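See structure below.
2 protein chains.
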Amino acid sequence: MRGDAIVQNELTIPRRRIICRAQDLIDSVLFVCEGWAASLVTLPNGDRQILSFLLPGDIVSSALLFRPNPSCLVETITEVTCRSFDRTEFMRKATAELGALSVLWIGEKEGADRLAIDLGRRTAEERIARLILSLMERLVMRGLAQGTTMDFPLRQHHVADATGLTPVHVSKLLTDFRRRGLIRISDRSLEIVDDAALRRIAGLR
Amino acid sequence: MRGDAIVQNELTIPRRRIICRAQDLIDSVLFVCEGWAASLVTLPNGDRQILSFLLPGDIVSSALLFRPNPSCLVETITEVTCRSFDRTEFMRKATAELGALSVLWIGEKEGADRLAIDLGRRTAEERIARLILSLMERLVMRGLAQGTTMDFPLRQHHVADATGLTPVHVSKLLTDFRRRGLIRISDRSLEIVDDAALRRIAGLR
DNA sequence: CGGCCCTTTGACGGACGTCAAATAGCGTGG
DNA sequence: CCACGCTATTTGACGTCCGTCAAAGGGCCG
Chain A
1 MRGDAIVQNE LTIPRRRIIC RAQDLIDSVL FVCEGWAASL VTLPNGDRQI
51 LSFLLPGDIV SSALLFRPNP SCLVETITEV TCRSFDRTEF MRKATAELGA
101 LSVLWIGEKE GADRLAIDLG RRTAEERIAR LILSLMERLV MRGLAQGTTM
151 DFPLRQHHVA DATGLTPVHV SKLLTDFRRR GLIRISDRSL EIVDDAALRR
201 IAGLR
Chain F
206 MRGDAIVQNE LTIPRRRIIC RAQDLIDSVL FVCEGWAASL VTLPNGDRQI
256 LSFLLPGDIV SSALLFRPNP SCLVETITEV TCRSFDRTEF MRKATAELGA
306 LSVLWIGEKE GADRLAIDLG RRTAEERIAR LILSLMERLV MRGLAQGTTM
356 DFPLRQHHVA DATGLTPVHV SKLLTDFRRR GLIRISDRSL EIVDDAALRR
406 IAGLR
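The listed protein sequences derive, respectively, from chains A and F. Using my numbering, the letters of the first sequence map in sequence onto residues 1 to 205. Using my numbering, the letters of the second sequence map in sequence onto residues 206 to 410.
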């Protein structure tokens, strides 16, 4: 899935900005190069559910590979730079590599299923621990973190929106995590101090 | 995606039986012809989360299109008959029709996202109402229900496993729905008596 | 310095879970 | 057809996790 030849352009988006809406018509495929974003849904009552965080290297809504209608809102968290490709052009090249596409597909589906399991069957503590660990793991896999410390641009309301909780409860649990010496947060950076304990809470052996 | 020529065979599975496990190796693609099944995950503590119900016409785990490892357990609810196709053979034919594949893909992803939203942000009442309405809708689309009445082979523990609730709480809410004249359940069949009210509860205008 | 957003903290309430016991169905075998 | 046993469902009392509300600090930027 090398697409260097068909780069449409590269663009930079300020933080807290909407990249695309569910009603938009988008004829390009976007990949995040730097920064964090989130794809999410907002309910009539104003509640928000973040479906996934987009980190550098992620595709913005793989549904856009197949049709121009985004399935949900995508919003930047930090400033984001990304590359856009013409959709039909991109798919002409990608079709040959169905394998790479299927990896994308399966990865997204597994992520969505994991989220459902967390929200359906785990406590607030478990959900937050799992969120932290999964973000760390994804960043480490991409060489963007060393294993115990990572950039952490999320506000507590992002954590709340991702875990199905309220910002108030997230605050209580995060300060509790800190008091128990599990993590350290300062200056938009998060350090996992007691990895084993955090994994135990997350239900990972 | 017509595959009549490559049917491997047709098989019948009794109710309450496991079709495939996450550790299995399956080199065929299965489609449900009759009956209901569920794909689900079980946690170490015994909790279960149903990720989707499989109705006649559904593919059993579309991940199996691309690799032989199921991502979760699939279990029959009623007796199920299904058709199996050789995976590589099936994909050879399907690759030409990327459009049909993408419809499958997007449908599954949307289903998974809807589930996460329900579990993260909706009350027990809303979740159950939405489950009933979505099952009805899917059956009607396939001509398997007339719009107000459907076969309903689910036990309350299935509803609980799908909505992230306990069987006890599901029982209380279902009897409440019945007392309020919203639905009628008898003899493994469910009738929506007050569709408008049920939709209102579900948050669908 | 003032305003805004974010975080923290505490008191309180409600939705849902847990536990337990009673009842109802349902299939099996006598 | 009845007896039995198992599994589902119902119901009530009670507990707890998490939400709501409100107020009081931080931190950052003009």
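Just so you know, even glycine gets a beta-carbon here, dropped at the ideal spot from N, CA and C. Fair warning: this is a prediction, and the values are worked out from it, not measured in the lab.
query: If S244 (chain F) and S233 (chain F) are in contact, beta carbons under 8 Å, what's the gap, nearest whole angstrom?
result: Wrong, their Cβ atoms sit about 16 Å apart, outside the cutoff.
- prompt: Quick one: is K93 (chain A) near chain F, going by C-beta distance under 9 Å?
  reply: no
- request: Check whether the Cβ atoms of L119 (chain A) and T166 (chain A) lie closer than 9 Å to each other.
  value: no
C-alpha distance - K172 (chain A) paired with V140 (chain A), whole-angstrom precision: 27 Å
field: Partners in chain A for G408 (chain F), counting only beta-carbon separations shorter than 8 Å
entry: L43 and P44
- prompt: My guess is that L216 (chain F) and W241 (chain F) are in contact by the Cβ rule of under 8 Å, so how many angstroms apart are they, rounded?
  reply: Contact flag wrong, Cβ pair sits at about 16 Å.
- request: Please indicate yes or no: does the CB of S28 (chain A) lie closer than 8 Å to some heavy atom of the ligand COA?
  value: Within the structure as shown, the ligand COA is missing, as the structure has no ligands at all.
- request: Spell out a yes or no on whether the segment 137-153 of chain A and the segment 298-309 of chain F are touching, meaning 3 or more CB-CB pairs, one atom from each, closer than 8 Å.
  value: no
- prompt: If you check the beta carbons only, do E399 (chain F) and L387 (chain F) fall under 9 Å apart?
  reply: Inspection of the sequence shows that residue 399 (chain F) is occupied by Asp rather than by Glu. A contact, by the Cβ cut-off of 9 Å.
message: Please confirm whether S233 (chain F) has its beta-carbon closer than 9 Å to some beta-carbon of chain A.
response: no
task: Would you verify that the beta carbon of A268 (chain F) is, or is not, closer than 9 Å to some beta carbon of chain A?
output: yes
field: Run of the beta strand (DSSP E) containing D291 (chain F), from where it starts to where it stops
entry: V285 to D291
query: Is any beta-carbon of chain F found at less than 9 Å from that of A196 (chain A)?
result: no
field: Three-state secondary structure (DSSP) of V170 (chain A)
entry: helix
- request: Can you give me the Cβ contacts of R253 (chain F) inside the same chain, cut-off strictly under 8 Å, excluding the 5 residues immediately before and after it?
  value: L245, V246, T247 and D366
query: E313 (chain F) CB to nearest chain A CB: under 9 Å?
result: yes
- prompt: Which residue from A:T76, A:E191 and A:L198 puts its Cα closest to that of P14 (chain A)?
  reply: A:T76
From A:W105, A:F152 and A:G143, residue whose alpha carbon lies closest to that of L131 (chain A): A:F152
- request: Identify whether D4 (chain A) lies in helix, strand or coil by the three-state DSSP scheme.
  value: Model confidence at D4 (chain A) stands at a pLDDT of 46, short of 50, so the residue's coordinates are unreliable; what they give is reported in the following sentence. Three-state result, D4 (chain A): helix.
message: Would L73 (chain A) and C20 (chain A) qualify as a contact pair, given that the criterion is a beta-carbon distance under 9 Å?
response: yes
- request: Measure the Cβ-Cβ separation of H169 (chain A) and A202 (chain A) and say whether it is below 9 Å.
  value: no
message: Please list, in chain order, the residues of the segment 272-288 of chain F that have any C-beta partner in chain A closer than 9 Å.
response: R272, S276 and C277
query: Going along the chain, which unbroken runs of the beta strand (DSSP E) with 3 or more residues stay wholly within the segment 50-83 of chain A?
result: 73-76
message: For a cutoff of 9 Å on Cβ pairs, would you count L119 (chain A) as touching chain F?
response: yes
query: Can you list the beta strand (DSSP E) stretches of 3 or more residues lying completely in the segment 107-185 of chain A, in chain order?
result: 149-151 and 183-185
message: If we define contact as Cβ-Cβ less than 9 Å, is L336 (chain F) a contact residue for chain A?
response: no
- prompt: Using the beta-carbon of each residue, which ones in chain F are nearer than 8 Å to G147 (chain A)?
  reply: Within chain F, no residue comes near G147 (chain A); the closest Cβ sits about 25 Å away, beyond 8 Å.
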